[in-house]
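Line order of the protein sequences matches chains A and B.
With the working numbering applied, the first sequence covers 384 to 505.
With the working numbering applied, the second sequence covers 384 to 505.
All C-beta atoms, glycine included, are put in the ideal place defined by N, C-alpha and C.
What follows is a short report on a single structure.
Number of protein chains: 2
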Amino acid sequence: MFSLNYRDARPIYEQVRDGLRHLVVTGAIREGDQFPSVRALAASLAINPNTIQRAYESLEREGYLYTVAGKGAFAARKADVAGERRERLLRQFDEAAAELLFLGMTVEELGRRVAGAKEGAK
Amino acid sequence: MFSLNYRDARPIYEQVRDGLRHLVVTGAIREGDQFPSVRALAASLAINPNTIQRAYESLEREGYLYTVAGKGAFAARKADVAGERRERLLRQFDEAAAELLFLGMTVEELGRRVAGAKEGAK
DNA sequence: CCAACTGTACCAATCCGCTTAGTACAGTTT
DNA sequence: AAACTGTACTAAGCGGATTGGTACAGTTGG
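Right, dumping it as C-alpha cells:
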C-alpha cells in the first residue's frame, strides 16, 4: 500500500493521510472503492488504530472519504472535495511557483512540468 | 515587516522563517541586504530571541542567509540556495499540480497561473 | 440469532518538540 | 569603553502526537 518514514519529522497520522490521498489522486483508489479498515491498516503498518482513525477523520474533513456506519470508509466523488482543500492547494502551487521562478526557473519549464504531472497520473 | 498568526498550528519559528523568505522572494529584501537583528526582530514580534535565532539557523541551512561574526545576518545570492531546498520546492510543485489536475483543473489554467505568479513578483 | 466485522469514543500515560527566561561570551562598530 | 552583532548554554513548562486499553452501536455472513 505505502510505507512510513520514522525519520520524517511529520506526524504519522499526516503521513498516513497523505499516503492515502496520493492513492486516490493517482487512481489506485477510485470513487466508491472501500478503504482498508482502521484495524487492518493499523496492523499492516504496525501502529495504533487510534492513529489511523485520526488520519481518516482528516481525510473526511477534506472530502476525500466518507464513512457508512458499520460498513466502512469509502472514496468520495471529486465534487465532494472541500473548497478549503482546493484553496490550500492553490496557495501551495502559487508559492512554490513564485520561489522557483525567483531561483531562475522559467515559465516554460514549469509549464512542461505541469504537463508531465498530468501524464504521470494516467 | 510581517505578522504572526497564533491560530496557525505551525510553530512560530517556521512562520518567521517563511515570512522572511517571502520577503526575499518578492524582492523586498535583496542580495547583500542586512536582516533585522535577532533581538530587534524578537522585540518587534514580541517573542523570545531564541525563537528568532532558530528561524535564522533554518534560513542559513537553506542558503538564503549568511552571517558575519559581530556584524549581522545578510541575504545570500540565489546561487547559494541549497539544492535540497530546490528539490523540496519541485516536489511541492509537482504534488500540488497533480492533485489540482485530478480535481479537474486543466494544464492551461495552471500554466496561466504560473505566468501570473511571475508578474506578481515584479 | 450469533459471531465477526465496521467506525467511533473515551481515558490514562508517555514522549518529544516548541517556547520562554535568563545568563554568558566573542567579535564589530562608533 | 559602550553598544551593538550572532551564538551557546541551562532549566522549566506547555501542548500535540502516540500508544494501549476498553467499550459501544451498526452491519454482514454463516
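Beta-carbon gap between residue i and residue j smaller than 7 Å
i	j	result
ALA458 (chain A)	GLU414 (chain A)	yes
ARG400 (chain A)	ALA426 (chain A)	no
PHE485 (chain A)	VAL408 (chain B)	yes
GLY494 (chain B)	GLY499 (chain A)	no
LEU387 (chain B)	LEU442 (chain B)	no
Euclidean distance between Cα positions of residue i and residue j
i	j	result
GLN398 (chain A)	MET384 (chain A)	13 Å
LEU473 (chain A)	ASN431 (chain A)	33 Å
ARG422 (chain A)	GLY487 (chain B)	33 Å
LEU424 (chain B)	ILE395 (chain B)	13 Å
ARG468 (chain A)	GLU445 (chain A)	6 Å
GLN436 (chain A)	GLY410 (chain A)	22 Å
TYR447 (chain A)	PHE476 (chain A)	19 Å
GLN417 (chain B)	ASN433 (chain B)	19 Å
ILE412 (chain A)	LEU403 (chain A)	9 Å
LYS501 (chain A)	LEU406 (chain A)	15 Å
GLU440 (chain A)	SER420 (chain B)	43 Å
GLY466 (chain B)	VAL451 (chain A)	46 Å
THR489 (chain A)	TYR449 (chain A)	40 Å
Residue i classed as buried or exposed, judged by whether at least 16 other C-beta atoms fall within 10 angstroms
i	result
GLU491 (chain B)	exposed
GLU497 (chain B)	Correcting the residue identity first, residue 497 (chain B) is Val in this sequence and not Glu. Result: buried.
ARG390 (chain B)	exposed
ARG393 (chain A)	exposed
ARG460 (chain A)	exposed
ARG471 (chain A)	exposed
- Would you call the stretch 473-489 of chain A and the stretch 443-458 of chain B touching, i.e. three or more CB-CB distances under 8 Å? No: the two stretches stay apart, fewer than three of their Cβ pairs being nearer than 8 Å.
- Any alpha helix (DSSP H) of 4 or more consecutive residues that is wholly inside the stretch 405-436 of chain B: Listed in chain order, they are 421-428.
- Query: Whole alpha helix (DSSP H) runs in the stretch 431-484 of chain A with 4 or more residues, listed along the chain?
  - Reply: If we require 4 residues or more, the alpha helix (DSSP H) runs fully inside the stretch 431-484 of chain A come out as 432-445.
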